[in-house]
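K.L.:
Next up is a structure, given as structure tokens.
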Amino acid sequence: SQTIHQWPATLVQPVGSPLSLECTVEGTSNPNLYWYRQAAGRGLQLLFYSVGIGQISSEVPQNLSASRPQDRQFILSSKKLLLSDSGFYLCAWSVSGQFNQPQHFGDGTRLSIL
Amino acid sequence: SQQGEEDPQALSIQEGENATMNCSYKTSINNLQWYRQNSGRGLVHLILIRSNEREKHSGRLRVTLDTSKKSSSLLITASRAADTASYFCATTGANNLFFGTGTRLTVIP
């Protein structure tokens, strides 16, 4: 069966520090991968999606970047964090080439910027 | 925006009662999906209804879709305390899903 792992679960970082969040998927090949941010009590904002290794699409201009160095690995990064980067970050995957199919989410990373 | 909007924003019911949540959207869709999110966790896919379907059931869940009104509803029957969570509808876009802001359901034991 397929599983998705996200880490760390929680992270507290000072303003201006770098960021690296990692997401890995097991049990499937060439998945579509997604990074979302969820503000408290709000819906999900799509940040990035990827249909293959090295292929990244950005939905919202921002202080963050994403990379997909391996088929089932998706990384969210920042060189210098802002206070506004605080939030709950979720990684998800869906079947290759099927954007209208169910997405499967990790348990998220709670990021607090001080 | 293609984003779905859930109504109500919050709902509190007694255990055993039914809970109904609604979702409205603005553009044509391929399908509509409902997800559940427990506090501090990721979203879990509950059910998908295609644009040519009007009703779908899964266990205690019943979803309806009215494409002429661009709306959907999720009914949870015989609610349990464990159903306490946020529920989101998601509509299909060209490259991804668009999620609403959710309905926060509290089931009181």
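Chains Y and A supply the protein sequences, listed in that same order. Counting from 1, one number per residue, gives the positions in the first sequence under the working numbering. Counting from 115, one number per residue, gives the positions in the second sequence under the working numbering. Every residue gets a Cβ at the ideal spot worked out from N, C-alpha and C, and that includes glycine.
Give the residues of chain Y in contact with H100 of chain A, contact being defined as C-beta atoms less than 8 angstroms apart.
P.N.:
It is not possible to answer for residue 100 of chain A, since the shown part of chain A is limited to 115 through 223.
K.L.:
Grouping DSSP H, G and I as helix and E and B as strand, with all else coil, what is S84 of chain Y?
P.N.:
Along the first sequence, read from residue 1 onward, the residue named residue 84 of chain Y stands at position 84. In the structure shown, S84 of chain Y sits in a helix (DSSP, three-state: H, G or I).
K.L.:
Looking at the strands, I want to know which residues DSSP matches up with E119 of chain A.
P.N.:
As a position in the second sequence, residue 119 of chain A is number 5, starting the count at 1. Note: E119 of chain A sits in a beta bridge opposite A:S138.
K.L.:
Hey, is R42 of chain Y's beta-carbon within less than 8 angstroms of any beta-carbon in chain A?
P.N.:
If you number the first sequence from 1, residue 42 of chain Y lands on position 42. So yes, R42 of chain Y belongs to the interface.
K.L.:
Are the CB atoms of L76 of chain Y and L11 of chain Y nearer to each other than 8 angstroms?
P.N.:
In the first sequence, counting from the first residue as 1, residue 76 of chain Y sits at position 76. In the first sequence, counting from the first residue as 1, residue 11 of chain Y sits at position 11. Not in contact: L76 of chain Y and L11 of chain Y (Cβ atoms no closer than 8 angstroms).
K.L.:
May I ask you to report which of helix, strand or coil DSSP gives D71 of chain Y?
P.N.:
The count along the first sequence starts at 1 and reaches residue 71 of chain Y at position 71. Coil, per DSSP.
K.L.:
Could one say the Cβ of T108 of chain Y lies closer than 8 angstroms to chain A's Cβ atoms, at least one of them?
P.N.:
Counting from one through the first sequence, the residue named residue 108 of chain Y turns up at place 108. Residue 108 of chain Y is actually Gly in this sequence, not Thr. Chain A contact via Cβ: present.
K.L.:
Distance, Cα to Cα, S65 of chain Y vs N100 of chain Y?
P.N.:
Working through the first sequence from its first residue, we reach residue 65 of chain Y at position 65. Working through the first sequence from its first residue, we reach residue 100 of chain Y at position 100. Straight-line spacing of the CA atoms in S65 of chain Y and N100 of chain Y works out to 24 angstroms.
K.L.:
Mind checking if T206 of chain A is an interface residue toward chain Y, Cβ cutoff 8 angstroms exclusive?
P.N.:
Against the second sequence, residue 206 of chain A aligns to sequence position 92. Interface residue, yes.
K.L.:
Using a threshold of 8 angstroms, state whether the C-beta atoms of L189 of chain A and I163 of chain A are closer than that.
P.N.:
Residue numbering aside, residue 189 of chain A sits at position 75 when the second sequence is read from its first letter. Residue numbering aside, residue 163 of chain A sits at position 49 when the second sequence is read from its first letter. For L189 of chain A and I163 of chain A, no; Cβs fall outside 8 angstroms.
K.L.:
Going along chain A in order, which residues have a C-beta closer than 9 angstroms to the C-beta of L47 of chain Y?
P.N.:
The residue you call residue 47 of chain Y lines up with position 47 of the first sequence. In chain order: nothing, as chain A lies at least about 11 angstroms away.
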